[in-house]
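Protein chains in written order, with the numbering used here: chain G, 1 to 141; chain L, 142 to 282; chain R, 283 to 423.
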């Protein structure tokens with residue numbers, strides 16, 4: 001038996017958006033003891049990430065690292081980029097979406113997600129403007 | 142019920158090779174309404190990637206970014222590399238294969254892959270010489 | 283039918299730790315002909331990686347690349363980091379854990395993992411001090 005759902009996340013600027021709670025609601029409603037949850041992101045300019053949910057500095061530093069690794073297209077270091085139709089944050093967003101996952105799988109044990117103590121589930125938005133993002137949840141028995 | 146298949150992709154130089162069509166043929170032949178497709182790459186010098194399939198500049202820019210992030214081994218910046226047996230594109234290929242996925246999972250909803258409008262499925266070849274690459278497809282019910 | 287297990291790996295410093303053998307023991311004990319194995323790491327400062335298991339230089343070079351891409355927090359290039367509570371290897375470990383997988387899926391065909399000839403399964407430890415790491419294995423039929 002399997003169960004599917006789509007979670008919609010409204011983003012308002014680049015950064016990490018936690019949605020662990022919404023995933024847990026789905027798991028509880030499925031009333032399954034043992035299984036595998038898979039998350040799939042239907043976009044190419046944001047990412048899924050499991051990261052520390054304790055200190056918010058971790059998310060700030062992650063964001064800072066990736067902004068330095070992949071600067072905006074109007075930075076001289078990125079003069080080689082050709083895909084610029086949607087602005088200076090467009091192609092860097094695609095690059096970050098290649099560097100971090102579009103799909104993630106988490107086992108369900110004893111009716112609960114097998115996340116570690118400090119793990120939270122995040123959408124990492126790479127675009128500046130507001131977006132409506134869809135994450136497909138698939139729970140297999 | 143599950144179904145498996147192996148897709149073979151002939152590459153002729155580094156870059157992105159789309160094979161979304163071949164995945165869709167497999168999904169249709171399986172005649173499953175709801176499930177989870179997993180792709181697995183049996184190699185350590187290429188990657189799987191879901192990326193934009195509209196503007197070819199996106200693929201060109203992705204390739205350009207990764208060539209700068211991980212230069213060939215004959216670049217002075219990479220003088221620290223020791224694994225050089227198969228040429229200057231060998232170890233950089235392994236590094237890129239660590240930075241991008243070897244496995245990907247995509248839900249199947251209403252008999253179709255739940256890909257977003259602009260998402261295509263690609264093999265990202267990191268080696269220069271021609272290679273015969275195998276992707277295992279697993280569809281779980 | 284599905285089967286689950288937890289593998290514990292003791293690490294003693296940063297680097298790659300192979301545990302392909304332990305995964306294979308689990309697969310054999312499950313006596314399943316066709317299925318999907320998913321590995322999930324319950325931590326945010328180490329990664330899972332499938333990489334070449336032939337030449338140990340590959341692992342050394344991978345480690346060297348990531349140490350250069352994400353220097354320790356006491357390196358001047360990383361002065362922007364704010365999360366420093368657990369020492370200079372703390373935040374860089376979280377960054378590497380964002381760049382490499384926390385979950386991986388490998389099909390099982392004819393009762394065996396569908397790994398390529400040169401592929402091994404590794405835990406990539408990013409912290410210096412000894413850690414006890416847990417990898418959840420989920421095998422779906």
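Note that CB positions come from ideal geometry on N, CA and C, so glycine has one too.
Should residue i and residue j be called a contact, given that it needs their Cβ atoms to be closer than 7 angstroms?
i	j	result
residue 150 of chain L	residue 245 of chain L	no
residue 37 of chain G	residue 115 of chain G	no
residue 58 of chain G	residue 365 of chain R	yes
residue 6 of chain G	residue 136 of chain G	yes
residue 269 of chain L	residue 154 of chain L	yes
residue 189 of chain L	residue 203 of chain L	no
residue 347 of chain R	residue 236 of chain L	yes
residue 423 of chain R	residue 283 of chain R	yes
residue 259 of chain L	residue 193 of chain L	yes
Whose C-alpha, out of the options, is nearest the C-alpha of residue i?
i	options	result
residue 31 of chain G	G/127, G/129, G/109, G/52	G/109
residue 413 of chain R	R/316, R/335, R/337, R/324	R/324
residue 307 of chain R	R/327, R/285, R/322	R/285
residue 338 of chain R	L/258, L/222, L/176, L/207	L/222
residue 208 of chain L	L/176, L/238, L/152	L/238
residue 158 of chain L	L/191, L/240, L/216	L/191
Since residue i is in the beta strand (DSSP E), which residue starts that stretch and which ends it?
i	result
residue 302 of chain R	No beta strand (DSSP E) contains residue 302 of chain R, which is instead part of the alpha helix (DSSP H) from 302-312.
residue 414 of chain R	413-422
residue 56 of chain G	Here residue 56 of chain G belongs to no beta strand (DSSP E); instead the alpha helix (DSSP H) covers 56-69.
residue 405 of chain R	401-407
residue 151 of chain L	143-152
residue 227 of chain L	Looking at the DSSP string, residue 227 of chain L is not in any beta strand (DSSP E), and its letter there is neither H nor E.
residue 35 of chain G	35-41
residue 47 of chain G	46-52
Apart from the five residues on each side of it in sequence, which residues of its chain come closer than 6 angstroms, Cβ to Cβ, to residue i?
i	result
residue 164 of chain L	262
residue 77 of chain G	71
residue 375 of chain R	327, 408, 409
residue 195 of chain L	259
Ignore the nearest five residues each way along the sequence and tell me which others in residue i's own chain have a CB closer than 8 angstroms to its CB.
i	result
residue 168 of chain L	178, 249, 252, 253, 254, 280
residue 231 of chain L	186, 214, 224, 225, 268
residue 35 of chain G	107, 108, 139, 140, 141
If you follow the alpha helix (DSSP H) that residue i is in, where does it begin and where does it stop?
i	result
residue 109 of chain G	Taken as a continuous stretch (DSSP letters only), residue 109 of chain G belongs to no alpha helix (DSSP H), being part of the beta strand (DSSP E) at 103-109.
residue 99 of chain G	90-99
What residues in its chain sit with their C-beta under 7 angstroms from that of residue i, if we drop five residues either side in the sequence?
i	result
residue 275 of chain L	147, 149, 183
residue 216 of chain L	none
residue 311 of chain R	none
residue 240 of chain L	none
Short of 9 angstroms Cβ to Cβ, which residues in the region 94-109 of chain G face chain R? Hits within the stretch, in order: 99, 100, 101, 103, 104, 105, 106, 107, 108, 109.
Going along the region 325-349 of chain R in order, which residues come within less than 7 angstroms of chain L, judged by CB to CB distance? Answer in chain order: 331, 332, 333, 334, 337, 339, 340, 342, 343, 344, 346, 347.
Name, going along the chain, the residues of the region 357-370 of chain R whose beta-carbon falls closer than 7 angstroms to a beta-carbon of chain L. For the region 357-370 of chain R, which is checked against every Cβ of chain L, not one residue is closer than 7 angstroms.
So if I threshold CB-CB distances at 9 angstroms, which residues from the region 130-141 of chain G count as touching chain R? Of all residues in the region 130-141 of chain G, those with a C-beta nearer than 9 angstroms to a C-beta of chain R are 140, 141, reading in chain order.
Anything in the region 303-323 of chain R with a Cβ closer than 7 angstroms to a Cβ of chain A? List those residues in chain order, please. Annotation note: the requested chain A is absent from the structure, which comprises protein chains G, L and R.
Taking a cut of 7 angstroms between CB atoms, which residues from the region 144-159 of chain L lie near chain R? Residues of the region 144-159 of chain L with a C-beta atom less than 7 angstroms from some C-beta of chain R are 145, listed in chain order.
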